[in-house]
Every structure is written in C-alpha cells, then in structure tokens.
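Structure record follows, encoded as structure tokens.
2 protein chains.
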Amino acid sequence: MNDEMSRRRGRPPGKPETNPAERILDAAAESFATHGSRGASMRTIADAAGMRAPSIYNHFASKDELLIAVGKRYFAALVPELQAASRMPGSGVERLEHLIRVATAVSTAHPFDHLTMVRELMQVRREPGAESLVADGQRCIAIWHLVIRRGQADGSLRRDITPAGMTWLIFTAITGLTDPGRRADILGDPSTRNVDTLCAVLIDGARPVRGG
Amino acid sequence: MNDEMSRRRGRPPGKPETNPAERILDAAAESFATHGSRGASMRTIADAAGMRAPSIYNHFASKDELLIAVGKRYFAALVPELQAASRMPGSGVERLEHLIRVATAVSTAHPFDHLTMVRELMQVRREPGAESLVADGQRCIAIWHLVIRRGQADGSLRRDITPAGMTWLIFTAITGLTDPGRRADILGDPSTRNVDTLCAVLIDGARPVRGG
DNA sequence: GTCTATAGGTAGATAGAC
DNA sequence: GTCTATCTACCTATAGAC
Chain A
1 MNDEMSRRRG
11 RPPGKPETNP
21 AERILDAAAE
31 SFATHGSRGA
41 SMRTIADAAG
51 MRAPSIYNHF
61 ASKDELLIAV
71 GKRYFAALVP
81 ELQAASRMPG
91 SGVERLEHLI
101 RVATAVSTAH
111 PFDHLTMVRE
121 LMQVRREPGA
131 ESLVADGQRC
141 IAIWHLVIRR
151 GQADGSLRRD
161 ITPAGMTWLI
171 FTAITGLTDP
181 GRRADILGDP
191 STRNVDTLCA
201 VLIDGARPVR
211 GG
Chain B
1 MNDEMSRRRG
11 RPPGKPETNP
21 AERILDAAAE
31 SFATHGSRGA
41 SMRTIADAAG
51 MRAPSIYNHF
61 ASKDELLIAV
71 GKRYFAALVP
81 ELQAASRMPG
91 SGVERLEHLI
101 RVATAVSTAH
111 PFDHLTMVRE
121 LMQVRREPGA
131 ESLVADGQRC
141 IAIWHLVIRR
151 GQADGSLRRD
161 ITPAGMTWLI
171 FTAITGLTDP
181 GRRADILGDP
191 STRNVDTLCA
201 VLIDGARPVR
211 GG
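Have a look at this one:
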C-alpha cells in the first residue's frame, strides 16, 4: 500500500523521467490548466509528481515561481521555432502558414503549458522573475505582426484586417485546439488531418478577397 | 467611512440596478471570468455587489449554484438568438454568417458570462442543477452543426472540414473576442469594424476552396 | 532531498441578532 | 434580507528530523 501511494500516477512505463523538477513542472502545468492556478493545490501537484508538497519547495521557491517556470518552459520551446519559421523563404502567406504550423505543433505537444500561459500567467506578470515572460510574449507577437505585414505588402494576405487582429484570431484558435476538455467534445476525432484542415480555413480566410 | 464601505463599486449613477440577485450575478461572472472560480471568493463577489458575503446565501445556496446561475443566464440570452438566426432564409453560408453575428453579439454583450461558461462550467457539469446547462450546450452545438451541414449540402461551404471542427473554430474565436484582458493587448482597437472583419475571415475561410 | 508536523492565513458556509 | 461573529476545512509555506 505504501508502495502504491508513494509513486502514484506513473508515467508510461518506458519513460523513467527521473528528473524531479521536470516531473513537478508536468504535474503543475496539467493542474494549473485543468483547475486554474488557485484551484490547483501544492498537495495535488506533489501527489501527481510522486512526492509530498514540502518537497516541491526544494525545487521551486513558491507556487508563483512554479507558475512562472511553466511559462518559461513554454516559451523556450516556442520562440526558436517561431523565429526559424519566420525566416523561411517564400511569400507572406507561405511564411504565415509555416508560423501556424509550428505554433500549432508546439502548443499541441505541450497543451498544458500553453493553457497555463494563456489563462493564468496574467496574474504573475508583475511578479519578480516574470519579466522574461513578458518579453518573450512580446517577441512572439512581433514575429507574427512582421510576417503578416509582409504578406499584406506582397499582396498574398488581405489588407482589410490588422496584423494584431489576425494574430489574435490565429492565437485564439490554437488555444482552442489545445483545450483537452473540449477537444474531444467538439472536434470528435483529434486527428492531425482535421487540425490541418482547420488551419487551412484560417489561411484561406486570410488570403485576399476574391476579385479584390 | 462606513458610508463609503457599505456600497462600494457603484454602478453608473444613472443605473439603479436595485435587484440584488442580478447585482450578485454580475459581480460573480466578472470575478469568475477574471480570477477563475476558485480564485473568486464569496467575500470579493459580495463586495463588488455592495453587500457582505453571508447575504449572498439569501439568494443562492452555494458558490456552485452561483456558477450555474451565471451559465443559465448566458444560455437564456444565447439560445433564442441562435434559433432565430438558424431559421433565417438564404444559403448555408448566409445562415452561418447570421449565426456568427448573433453569437458574437451575445457573447461580447455578456463577456464575463461567456468566459465563465467556457472556462469554469466544466467543473460543475455533474452537479445537481446543472443538467439544463449541459442540455442547452448540446442544443447550441446541434444548431451550429445543422446550419453547417446544410451549407455543405448546398455547396456554399467547403466540405473538407467537419461541422464539429468548424463549430469549434468559430466558438473558440468568439471566446477570444470576449477576453477583456487580451482584447486590448492584441486587438488594439476593439472597434466593431475590426470584429466584423475577423468574422469575415472565418466566413471566407469556410467557403469552398477556389477552383474546387 | 525527502519526509512529518505544524504554523498562520483565508476560504465557504452557518447561527442568530436585528 | 442584511448584518456580525464564528466554525471547520483547506491552503501555502516553514521547521527540523532523517
């Protein structure tokens, strides 16, 4: 019984995942995304990570720092991919397609990190240690804006929408894609093919209007 | 001092809003949407509604019931509008445009109700009293699916996306539109014109692909 | 670096005066 | 129908043994 209690929620057998900090981050991200940062307790996070709550404080100084660490991990995965995609050759609409592809890939690969960042990170924006998160967020937005502006300049993207508006629409669609609770309900089959088609709708909607 | 404390956060002077239950619902929706259902406390909700926490229990039996009441108010505003829009004459894509228009109007008119429903209502799905919420949600989804299927049948909507996928994409875009925290950051100017253009992107993306 | 025990604070909800 | 006072439970975080 003690054996079963001490290492609960085992990760898939083939994956040892011996790093405690990473285990804690995984558990925290899922808990934050599912129950909100206030609904997630250090006890349940620790439980999912296979330890007791006080042990978390050997790796992270506070709950807020845990929240910030999840955000940092997310941007560490996203920013380099976005930068690379924005530098690929092709027309504006093609580069935007690359951006959507990599952003969707990163966010569906780490859905809980994405949702934690979107829904819970506003609360710790002004906390010490969160400055880099704000900077990374602005860096990402700047990349999207630049690519869209260039697409509008070369005529491959419609000009009646602001880069900010289009960025927001794409970002919010990706956020919906990562929502594990609603995915199954509404999407039914979360197959990659379906996701690609949804991205195609966004891209086709972003092209210049016919005859215009 | 007691005078200032007892009736805090006054609504606009011209609006008496004497109904306590409605005041509580307004305060609860904003608090739920902003801080999450766990981050929102009965004390702060009561404070925003101009009363003390125990007084809320004269109108709602528990915090969960308050959450459910917000969801009910949202669907009471949305469902009739969706039904009316789905019955308007025209092609499938035109009816879908009507749906998007009324759904956007309702959700931006009651953004906190919408966000509360989206983010926090999953937790009380199986609570007694929440059955009608689940039913209303399924009713809305059915309307969207029907309109989209008809549009695909009459050739005014692309056929390579499932009704569920398109519904989800639109719904998630509307959710993003209601987010008061991010609206200003990303959209910049929350003017109606901008919102209409974003809806146009969705509609244009949903039309049959060119040459196909 | 993990644990048990616990401090200190705040949450939801109730009792009962008015 | 609103209030003050309060109960009980849970939360974050710390202390200190091992």
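Chains as they are written, first to last, in UniProt numbering: chain A, 1 to 212; chain B, 1 to 212. Using N, Cα and C, we set each Cβ at its ideal position, and we do this for glycine too. Because the structure is a prediction, the values reported are computed rather than measured.
Query: Give the straight-line distance between the Cα atoms of ALA103 (chain A) and VAL147 (chain B), rounded to the nearest whole angstrom.; Result: 30 Å
Query: Going straight from the alpha carbon of ALA130 (chain A) to that of MET88 (chain B), what length do you get?; Result: 50 Å
Query: Mind reading off the beta-carbon distance from THR108 (chain B) to VAL70 (chain B)? Whole number of angstroms is fine, and I expect it under 8 Å.; Result: With a Cβ gap of about 16 Å, THR108 (chain B) and VAL70 (chain B) do not count as contacting.
Query: Looking at the secondary structure, which residues open and close the alpha helix (DSSP H) in which PRO54 (chain A) lies?; Result: 53-56
Query: Taking the alpha-carbon positions, what's the ARG159 (chain A) to TRP168 (chain A) distance?; Result: 16 Å
Query: For a contact defined as C-beta to C-beta under 7 Å, what are the partners of ALA206 (chain A) on chain B?; Result: VAL201
Query: Can you pull the chain A neighbours of ARG126 (chain B), defined as C-beta to C-beta under 7 Å?; Result: Here the premise fails: no neighbours, minimum Cβ distance about 13 Å.
Query: Could you run through the segment 29-42 of chain A and flag, in chain order, every residue whose CB is less than 8 Å away from some CB of chain B?; Result: HIS35, GLY36, SER37, ARG38, GLY39
Query: Rounded to a whole number of angstroms, what is the C-alpha to C-alpha distance between GLU120 (chain B) and GLY36 (chain A)?; Result: 9 Å
Query: If contact is defined by three or more beta carbon pairs under 8 Å, each pair taking one atom from either stretch, is the segment 125-143 of chain A in contact with the segment 67-85 of chain A?; Result: yes
Query: Please confirm whether HIS110 (chain A) and ARG73 (chain A) have their CB atoms less than 9 Å apart.; Result: yes
Query: Is the beta carbon of THR172 (chain A) less than 9 Å from the beta carbon of LEU177 (chain B)?; Result: yes
Query: Can you list the alpha helix (DSSP H) stretches of 4 or more residues lying completely in the segment 59-143 of chain A, in chain order?; Result: 63-86, 92-109, 111-120
Query: If we ignore side chains and look at the alpha-carbon of each, how far apart do VAL201 (chain A) and LEU202 (chain B) end up?; Result: 7 Å
Query: Looking at the unbroken alpha helix (DSSP H) that takes in THR178 (chain B), where does it start and where does it end?; Result: 163-178
Query: Please tell me whether GLN123 (chain B) has its Cβ less than 9 Å away from any Cβ of chain A.; Result: yes
Query: Kindly indicate the opening and closing residues of the alpha helix (DSSP H) around ALA21 (chain B).; Result: 20-39
Query: Output the boundary residues of the alpha helix (DSSP H) element that contains ARG43 (chain B).; Result: 42-49
Query: Please check if any C-beta of chain A sits within less than 9 Å of the C-beta of ALA135 (chain B).; Result: no
Query: Note down the Cα distance separating HIS59 (chain A) from ALA21 (chain A), rounded to an integer number of angstroms.; Result: 6 Å
Query: Are the C-beta atoms of ILE100 (chain B) and some chain A residue less than 9 Å apart?; Result: no
Query: So, is the C-beta of ALA105 (chain A) closer than 9 Å to a C-beta in chain B?; Result: no
Query: Tell me the DSSP secondary structure of VAL209 (chain A) in three-state form.; Result: coil
Query: Which same chain residues end up closer than 6 Å to PRO163 (chain A) when comparing Cβ atoms and leaving out the 5 residues on each side of it in sequence?; Result: HIS145, ILE148, ARG149
Query: Are MET166 (chain B) and LEU99 (chain A) close, meaning C-beta to C-beta below 9 Å?; Result: no
Query: For ASP179 (chain A), would you say it is in contact with chain B, using Cβ-to-Cβ distances shorter than 9 Å as the test?; Result: yes
Query: Taking all protein chains shown into account, decide if GLY205 (chain B) is buried (16 or more other Cβ within 10 angstroms of its Cβ) or exposed.; Result: buried
Query: Buried or exposed for residue 233 (chain B), please, with buried defined as at least 16 other CB atoms from any protein chain shown within 10 angstroms of its CB.; Result: Outside the shown range of chain B, which is 1 to 212, sits residue 233 (chain B), and nothing can be said about it.
Query: Report the rounded CA-to-CA distance for PRO54 (chain A) versus ALA29 (chain A), giving the unit in angstroms.; Result: 18 Å
Query: Indicate whether at least one CB of chain A lies closer than 9 Å to the CB of ARG182 (chain B).; Result: yes
Query: Does the beta carbon of ILE148 (chain A) sit closer than 9 Å to a beta carbon anywhere in chain B?; Result: no
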